[in-house]
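*Asks:* Starting off with a structure, shown below.
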Amino acid sequence: MDEGKIWDYTIKWGIAQNTSLPPNRDRWSDEHFSALKSSHQDYLPLIRYFQIPGEDVFNKVKPYQKILDPNLWDDTMLKFMAPNSPITSCILLPRVNLPSTLLSRDSNISIVDNYLSEIESNKASELRKNGDSYRKIGKYKESITDLTKSLEIEPNNASALSCRGTTYRMMGRYNESLADFNKSLEIEPNHANTLSYRGATYRMMANITSHLQI
1 MDEGKIWDYT IKWGIAQNTS LPPNRDRWSD EHFSALKSSH QDYLPLIRYF
51 QIPGEDVFNK VKPYQKILDP NLWDDTMLKF MAPNSPITSC ILLPRVNLPS
101 TLLSRDSNIS IVDNYLSEIE SNKASELRKN GDSYRKIGKY KESITDLTKS
151 LEIEPNNASA LSCRGTTYRM MGRYNESLAD FNKSLEIEPN HANTLSYRGA
201 TYRMMANITS HLQI
């Protein structure tokens with residue numbers, strides 16, 4: 001697929017995530033470009049800038065150059081003005097291309113959707129790992145924050161639900177812990193660790209109840 005189209009669809013996706021951006025790009029402030037850049041922080045490094053046709057670079061990329069690293073933009077320009085000059089930016093290998101006759105507009109959109117979904121999935125995985133690490137060092141609030149962000153991307157990820165349930169349990173927030181464990185087990189009913197964690201939560205709640213009745 002044409003790398004210029006990947007860039008085009010990616011930018012449109014980012015704009016859709018930032019509803020506060022003015023419709024007229026000429027009215028964007030530096031803060032607006034910063035917001036767009038923040039939305040694309042996981043995506044921009046995966047674009048094959050040096051595979052984008054020159055016309056697309058000037059018509060599609062240049063209007064958004066503020067979201068790019070200055071050195072990357074300079075190298076992109078250098079590629080066209082002095083193609084034999086060395087550049088310092090990372091050059092990704094070209095994507096595997098299919099014959100253009102096999103690509104309809106719908107298949108193009110599907111490719112981009114798959115590309116963005118893959119990145120979102122990787123982002124969710126990193127947030128989940130961060131949340132698990134925070135919990136292990138006792139930073140429960142940070143753990144909940146990252147695990148919740150991960151679940152906003154993948155709401156039915158049983159592992160993330162189980163991790164957050166464990167963090168809630170360690171914070172003494174047992175009802176929230178059980179809610180996450182129950183939802184996780186609806187997705188993976190026979191997950192041994194989650195079953196064990198839920199059982200431990202019930203026992204802790206029972207102990208608290210018995211002490212209150214003394």
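Residue numbers (the UniProt record's numbering): 1 to 214. Virtual Cβ for every residue (Gly too), placed ideally from N, Cα, C.
Which of the three DSSP states, helix, strand or coil, is assigned to residue 234?
*Replies:* This structure cannot speak to residue 234, because the chain is shown only from 1 to 214.
*Asks:* At what residues does the alpha helix (DSSP H) containing W28 begin and finish?
*Replies:* It is not in any alpha helix (DSSP H) - W28 carries neither H nor E in the DSSP assignment.
*Asks:* Whose C-alpha, out of R128, E186, K129, D2, is nearest the C-alpha of E55?
*Replies:* Considering only alpha carbons, the answer is D2.
*Asks:* Considering only residues of the same chain and omitting the five flanking positions on each side of A192, which have a CB-CB separation below 7 Å?
*Replies:* So no residue of the chain qualifies.
*Asks:* To test your reading of the DSSP string, which unbroken alpha helix (DSSP H) runs of 4 or more residues are found completely within the UniProt repeat "TPR" (124-157)?
*Replies:* 140-153, all fully within the UniProt repeat "TPR" (124-157).
*Asks:* Between R25 and the rest of its own chain, which residues show a CB-CB distance below 7 Å, the 5 nearest in sequence each way excluded?
*Replies:* So the qualifying residues of the chain are P63.
*Asks:* Alpha carbon to alpha carbon, what distance is there between S150 and K123?
*Replies:* C-alpha separation (whole angstroms): 8 Å.
*Asks:* Go to G14, then tell me how far its alpha helix (DSSP H) extends in each direction, as first and last residue.
*Replies:* Taken as a continuous stretch (DSSP letters only), the alpha helix (DSSP H) holding G14 covers 3-17.
*Asks:* Return the Cβ separation of S162 and S184 in integer angstroms, given the expectation that the two are a contact with Cβ distance under 8 Å.
*Replies:* Correct: roughly 5 Å between the Cβ atoms.
*Asks:* Given I91, which residues of its chain have a CB within under 6 Å of its CB, disregarding the five upstream and five downstream residues?
*Replies:* These residues qualify, in order along the chain: F50.
*Asks:* How is L103 classed by DSSP in three states: helix, strand or coil?
*Replies:* Only weak support exists for where L103 lies, its pLDDT of 41 falling under 50; the value from the coordinates is given anyway. L103: coil per DSSP, three-state reduction.
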